[in-house]
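Novice: Going by this note's numbering, the sequence shown opens with residue 79, and the numbers climb by one from there. C-beta: ideal position from N, C-alpha, C; glycine also.
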Amino acid sequence: IVSKVCKNWDWTTNHEVSELGRIWVVWDPRVISFEVLATNEQAIHGRAVCSNGMSIHLSFVYGLCDYRTMADFNACLNAIEVDEIRSAGRFFTWTNKREGRSAVNKKLDRALGNWGWHRVYNHSSAHFHNPGVSDHSPISVALDVPWRTCNKPFKFLNCWTNDGRFVGVVKRVWGQKVHGNPLEVVLCKLRNLKRELKLTFNHPDPRPRKDAIRAELDVIQSRLLLQPSDQELIRLEKATLHKLNVLKAEEESFYRQKSRITWLKLGDSNTKFFHRSVASLHHRNHITKLQRVDGSWACTQKDIEQLSVAHFSGLLGTPPSQTSLLDYPKRLTEDQRALLGRNISDSEIRNAFWALHPEKAPGPDGFNGFFFRSVWGIVEKDMVDACRFFFNQPYMPKGLNATIIALVPKSKHANSLNDFRPIDCCNFLYKVLS
79 IVSKVCKNWD WTTNHEVSEL GRIWVVWDPR VISFEVLATN EQAIHGRAVC SNGMSIHLSF
139 VYGLCDYRTM ADFNACLNAI EVDEIRSAGR FFTWTNKREG RSAVNKKLDR ALGNWGWHRV
199 YNHSSAHFHN PGVSDHSPIS VALDVPWRTC NKPFKFLNCW TNDGRFVGVV KRVWGQKVHG
259 NPLEVVLCKL RNLKRELKLT FNHPDPRPRK DAIRAELDVI QSRLLLQPSD QELIRLEKAT
319 LHKLNVLKAE EESFYRQKSR ITWLKLGDSN TKFFHRSVAS LHHRNHITKL QRVDGSWACT
379 QKDIEQLSVA HFSGLLGTPP SQTSLLDYPK RLTEDQRALL GRNISDSEIR NAFWALHPEK
439 APGPDGFNGF FFRSVWGIVE KDMVDACRFF FNQPYMPKGL NATIIALVPK SKHANSLNDF
499 RPIDCCNFLY KVLS
């Protein structure tokens with residue numbers, strides 16, 4: 079079979095430990111080398127080395143077990159910390175090839191990777207093809223999907239508030255004279271502040287700085303081994319340790335915010351957990367292919383963009399249903415009308431800012447609720463004036479209601495645009511006003 083189907087390829091099986099030899103691993107030696115590390119009745123585990131030198135550990139598993147042991151298998155997956163690789167194609171991967179009420183379809187086959195896989199092959203994806211003459215669907219895994227990178231939009235990082243330069247930057251920008259109505263003044267100051275924050279914190283990821291400080295600490299402590307009584311080295315070690323602890327806290331805050339995890343409040347340092355969550359989140363949300371209505375696939379970034387624009391243009395182009403308001407009776411009393419028409423108080427405006435979750439995804443301006451809370455003493459007057467102006471004047475500046483539409487997959491096996499849930503990310507000030 080191998081000589082006919084995969085001529086000049088190398089192969090191995092588990093025939094030595096299994097009479098039926100259910101697992102065959104076949105590879106092209108011109109592209110990849112494979113070293114078998116362990117073989118048993120249910121799996122072949124080995125190390126593959128790609129032509130570019132990348133080394134990957136692969137396990138090919140045959141589920142030779144009773145259904146009642148699935149709980150043990152799931153516990154094993156949790157223990158080794160693997161998760162499904164983002165997939166497309168057929169959802170059910172096995173069929174008994176029968177008709178009518180005897181037909182059975184199941185999802186038996188899966189492609190799994192640990193957090194290291196998701197970090198290195200963040201754009202990888204699995205595709206489940208039609209089974210053909212087999213009862214199982216073949217799986218193809220694309221390791222590196224070519225994708226055009228683009229400039230990432232500005233997003234305020236909560237860890238900046240712990241930097242001694244942060245408050246000074248905000249005070250300097252917010253104290254500048256800006257002309258216009260209160261809403262235009264606020265939007266202009268936010269734009270100016272965004273530019274200054276990008277210049278001040280031009281290296282948002284704290285990992286490289288933490289690694290540099292750790293290397294510096296290692297040199298200092300090596301010198302202390304030779305000169306344990308040197309007071310200058312002792313003071314330098316203490317100062318460097320303080321810098322390292324500050325950067326560790328900054329790193330944890332950085333990855334906590336990027337992970338979108340809000341339920342974890344207490345505990346020791348969870349940087350590794352948040353880092354893995356970020357890698358998994360990016361892998362899960364990245365769209366590598368989409369299925370069109372006719373069943374064909376959009377696989378390039380340009381095709382996916384065109385398909386998405388056409389899909390949502392069709393939804394937005396639907397004419398709205400007209401409902402007459404004349405049939406509704408007047409239900410507001412004079413007191414209620416007066417209550418709705420009165421001026422809003424400072425406390426009501428502040429409560430509106432504090433009522434929204436501070437770490438929800440920001441809009442196009444990049445500022446979340448945590449920013450406004452942390453500098454409320456500086457921006458309060460301008461925010462109060464802007465909110466009052468909005469309710470007294472029928473005017474909304476351009477850009478205030480700008481929105482980012484993000485597509486969140488409803489499941490791990492999202493194929494078409496109907497499998498994604500569109501989320502509107504509005505500017506925080508617009509959410510407060512609404």
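Where Asp308 and Ala293 are concerned, what is the direct C-alpha to C-alpha distance, given to the nearest angstrom?
Specialist: 20 Å
Novice: Would DSSP call Ala149 helix, strand or coil?
Specialist: Ala149: helix per DSSP, three-state reduction.
Novice: Are Ile110 and Cys128 touching if we call contact CB-CB under 8 Å?
Specialist: yes
Novice: Applying the criterion that 16 or more other CB atoms from any shown protein chain within 10 Å of the CB defines a buried residue, is Gly345 buried or exposed?
Specialist: With a pLDDT of only 47 at Gly345, under the threshold of 50, the placement of this residue in the model should not be trusted, and no figure is reported.
Novice: Label Ser133 either buried or exposed according to how many other C-beta atoms from any shown protein chain fall within 10 Å of its C-beta, with 16 as the threshold for buried.
Specialist: exposed
Novice: Taking the beta carbon of Asp443 as the centre, do at least 16 other beta carbons fall within 10 Å, making it buried, or is it exposed?
Specialist: When all chains shown are included, Asp443 counts as buried.
Novice: What is the DSSP secondary structure of Gly246, counted as helix, strand or coil?
Specialist: DSSP places Gly246 in helix when its eight states are reduced to three.
Novice: Between which residues of its own chain and Leu302 is the CB-CB distance below 6 Å, once the five residues before and five after are set aside?
Specialist: These residues qualify, in order along the chain: Leu311.
Novice: Thinking just about the alpha-carbon of each residue, which of Glu274, Gln384 and Lys82 is nearest to the one in Arg250?
Specialist: Glu274
Novice: Once the 5 residues before and after Val19 are set aside, which same chain residues still bring their CB inside 8 Å of it?
Specialist: Any question about residue 19 goes unanswered here, given that the chain covers just 79 to 512.
Novice: Buried or exposed for Asp289, please, with buried defined as at least 16 other CB atoms from any protein chain shown within 10 angstroms of its CB.
Specialist: Asp289 should be labelled exposed.
Novice: For Ala126, decide whether its Cβ has a neighbour in chain B, counting only Cβ atoms nearer than 8 Å.
Specialist: The chain inventory of the structure shown lacks chain B, comprising one protein chain alone.
Novice: Once DSSP output is grouped into helix, strand and coil, what is the label at Cys128?
Specialist: strand
Novice: So for Leu275, helix, strand or coil by DSSP?
Specialist: Correct three-state label for Leu275: helix.
Novice: Can you list, in chain order, the residues of its chain with a C-beta nearer than 7 Å to that of Lys233? Leave out the 5 residues immediately preceding and following it.
Specialist: Cβ within range, chain order: Pro440 and Gly444.
Novice: Find out if the Cβ-Cβ distance for the pair Gly167, His214 is shorter than 8 Å.
Specialist: For Gly167 and His214, no; Cβs fall outside 8 Å.
Novice: Assuming Phe467 and Pro260 form a contact by the criterion Cβ under 8 Å, report the distance between their Cβ atoms to the nearest whole angstrom.
Specialist: Correct: roughly 4 Å between the Cβ atoms.
Novice: Go to Gly167, then tell me how far its beta strand (DSSP E) extends in each direction, as first and last residue.
Specialist: From DSSP, the beta strand (DSSP E) with Gly167 extends over Ser165 to Gly167.
Novice: For Ile422 and Lys509, I'd like the C-alpha separation in whole angstroms.
Specialist: Cα-Cα distance, rounded: 16 Å.
Novice: Assuming the contact rule is C-beta atoms closer than 8 Å, Cys504 and Ala484 should be a hit. Round their C-beta distance to whole Å, please.
Specialist: About 11 Å; that fails the 8 Å criterion.
Novice: Using only the alpha-carbon positions, how far apart do Glu328 and Val453 sit?
Specialist: 18 Å
Novice: What's the C-alpha gap between Thr278 and Ala430?
Specialist: Straight-line Cα distance between these residues: approximately 30 Å.
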